[in-house]
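Following: one structure in structure tokens, then a few remarks.
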């Protein structure tokens, strides 16, 4: 009994020491200062090379001295914004979680640009190999507690300032918002979707302009991230054209659960179908449904024309148009395609992340007369004012220039490296975590022109209006490309 009590007291003591350590560290940072405001990418080095350079595409944003995370890319950081700050002297404290692993970041930001280079060297710490940056360059210290571990692991995190604080487009919006919950599923891949399999999942949806539901419904689907700034912006652009609108927050619950480490295009499409069903049930069946979304969401939109899926799900036949923004096109699709849906593949002419030439490959191989290519000046996310002006982002991750997506007539996917060295055959090898790991190892690369391009954006949104309001033929749109 005495031994148990001593263990409990020891545990309490250790917890108090950790609490005191982190609390005193937080208090060491003075009043928040805007001196270091900006957008920062990062690399972190924990547990040796296995988890080194763990940058997921999201950015730390310092605004008025308060640290937040934009949850772009894979968006795995959740920040405690009440406690995370930077003071006038550059001292920083961040409390948060990455993929459920609790983390505390401390250190000092300064004006020495050399701090942005991390020089790795191995050092044995408690029998384990750890990676540290060269301390003379001011890398930040981090303690991270991995799920299942009893103690925190020492790490180094390296911040790199890449630009000013992203500007928010804020406008007054007095429209009524109706929130509903849809019953969706975690359909991990296209075969699971076709078979209507998958764990049940509740998803939040925001509806606006319901008085126009009889005209039709525009569903804004997310990309693979919980950051919905783009989707909110898209909704504002299309809400002017006499349709009811829906924004699906499908990534939101998935990033809180281990089962779905990523939000797939198949899940995105199932969420859209569940939205159609629930809206029809509560507010009446819309005349037509139009999908709009970016990146991974755009691939879901492309699949909305697959005849096998339209035969399986009656509500899919309401979908008449799809706007694939930053279109993530497959190179080859042998799947039978419906002639009752118009698909617009939208890309920036200088986009190296979702390059327009991939969609041209699809157009040439599929011979789909209802697939229209629309290209505009600018790079990745040329259309969204949620991004700063275009610039080359060396940290922005991409896959399509490295690997091609290909679909057989029975809906199975094959991923091929463009250099011809490797491929993943989904029909033979499956679609679970092994595929995701293979894809991450063999297909992910970095670097693309990214950001808002006013001229291209204005042309694109004018074209959207021409399609929705003026019913203009695709060949007469400003971005039409053969």
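Numbering (my numbering), first residue to last: 20 to 501.
Ideal placement from N, C-alpha and C gives every residue a C-beta, glycine not left out.
Distance from the Cα of residue 77 is smallest, within the candidate group 237, 246, 478, for 246. For residue 262, the three-state secondary structure derived from DSSP is coil. For residue 392, there is no enclosing alpha helix (DSSP H); the enclosing beta strand (DSSP E) has its first and last residue at 390–395. Boundaries of the beta strand (DSSP E) around residue 117: 110–117. If only uninterrupted beta strand (DSSP E) runs of at least 3 residues are considered, those enclosed by the segment 343–412 are 361–367, 390–395. In this structure, DSSP gives residue 127 an extended state, which the three-state scheme calls strand.
Annotated as proximal: residue 472 and residue 367, with beta-carbon spacing under 9 Å. Straight-line spacing of the CA atoms in residue 345 and residue 337 works out to 24 Å.
Looking from the CA of residue 62, the closest CA among 96, 479, 85 belongs to 96. Assignment of beta-bridge partners to residue 464 by DSSP yields 417. The closest CA to that of residue 221, considering only 287, 192, 249, 262, is found on 287. Relative to the Cα of residue 219, the nearest Cα in the group 494, 203, 234, 210 belongs to 203. Taking 9 Å as the cut-off, the beta carbon of residue 265 is found closer than this to the beta carbon of residue 224. DSSP places residue 95 outside both helix and strand once states are collapsed to three, so it counts as coil. Between the segment 453–464 and the segment 377–393 there are fewer than three C-beta pairs closer than 8 Å, too few to call the two in contact. When 231, 267, 229, 258 are compared, the shortest CA-CA separation from residue 241 is found for 267.
Per DSSP, residue 493 is not a residue of any beta strand (DSSP E), being assigned neither H nor E.
Judged by beta-carbon spacing, residue 164 lies within the 9 Å limit of residue 121, meaning their Cβ atoms are closer than that value.
By the Cβ neighbour-count rule, residue 321 is buried, with 16 or more other Cβ atoms within 10 Å of its own.
By the neighbour-count definition (other C-beta atoms within 10 Å, threshold 16), residue 305 is a buried residue. In this structure, the straight-line span from the alpha carbon of residue 297 to that of residue 212 is close to 18 Å.
Contact annotation: residue 307 and residue 235 have beta-carbon atoms nearer than 9 Å. In the three-state reduction of the DSSP assignment, residue 161 falls in the strand class, which pools E and B.
Remark: C-beta atoms of residue 123 and residue 171 approach each other more closely than 9 Å.
Taking C-beta atoms as the reference points, residue 493 and residue 393 count as a pair closer than 9 Å. Residue environment for residue 495: exposed (fewer than 16 other C-beta atoms within 10 angstroms of its C-beta). Under the 10 Å beta carbon count, residue 452 is surrounded by fewer than 16 other beta carbons and is classified as exposed. Taking C-alpha positions only, residue 491 is separated from residue 260 by approximately 14 Å. Under the three-pair Cβ rule at 8 Å, the segment 397–409 does not count as touching the segment 430–439. Put simply, the backbone Cα of residue 389 is about 8 Å away from that of residue 359.
Taking C-beta atoms as the reference points, residue 283 and residue 206 count as a pair closer than 9 Å. Nearest in C-alpha terms to residue 118, of all of 101, 227, 274, is 274. Secondary structure note for residue 48: it is in no beta strand (DSSP E), with a DSSP letter that is neither H nor E. Annotation: the continuous alpha helix (DSSP H) that includes residue 298 extends over 284–302. Contact between residue 364 and residue 391 holds, since their C-beta atoms are separated by about 7 Å, short of 8 Å. Sequence-distant partners of residue 285 (beyond 5 residues in either direction) whose C-beta falls short of 6 Å from its own C-beta, in its chain, are 206, 208, 209, 212.
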